[in-house]
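Numbering (my numbering), first residue to last: 210 to 340.
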Ligand SMILES: [Zn+2]
């Protein structure tokens with residue numbers, strides 16, 4: 210598990226596309242660094258505008274934007290049906306960049322369909338800052 214996670218981080222650091230993804234404030238949605246903060250059990254995001262966010266794994270997992278978690282076409286999402294987290298659901302096992310716009314995640318329970326855009330991560334970070 211550990212080696213696998215470090216590979217994910219190395220990929221992020223090596224291949225990160227330095228291209229803005231927002232018209233309004235490009236640096237606010239351009240991640241300079243994405244890393245695991247294990248003691249805090251959080252995703253560490255350093256943005257090009259200088260902001261630093263730690264998004265707790267549980268917050269990240271609950272806000273997974275995929276159809277299963279968020280729901281679609283009038284069907285409720287996974288956390289609407291059962292708010293409690295199961296073992297492994299908030300254990301971030303691996304992450305990788307998706308194109309130039311987002312972050313893909315794999316959780317210890319095997320869930321890996323969510324793609325978090327940098328705009329989404331910035332909103333999550335701002336919402337959890339100081340919490
Ligand atoms: Zn999901």
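Cβ atoms here follow ideal geometry from the backbone N, Cα and C, with glycine treated the same way.
None of these values were measured; they are calculated from a predicted model.
Query	Result
Those residues, in chain order, that have a beta-carbon closer than 6 Å to some heavy atom of ligand 1	273, 275, 277, 278, 320, 322, 323
CB of residue 251 within 7 Å of CB of residue 327, strictly	no
Cβ pair residue 263, residue 288 closer than 7 Å	no
Secondary structure of residue 255, DSSP reduced to three states	strand
Counted within 10 angstroms of its Cβ, other Cβ atoms place residue 422 as buried (16 or more) or exposed	The requested residue 422 does not occur in the structure, where the chain is confined to residues 210 to 340.
Inter-residue spacing [alpha-carbon to alpha-carbon] between residue 316 and residue 332	21 Å
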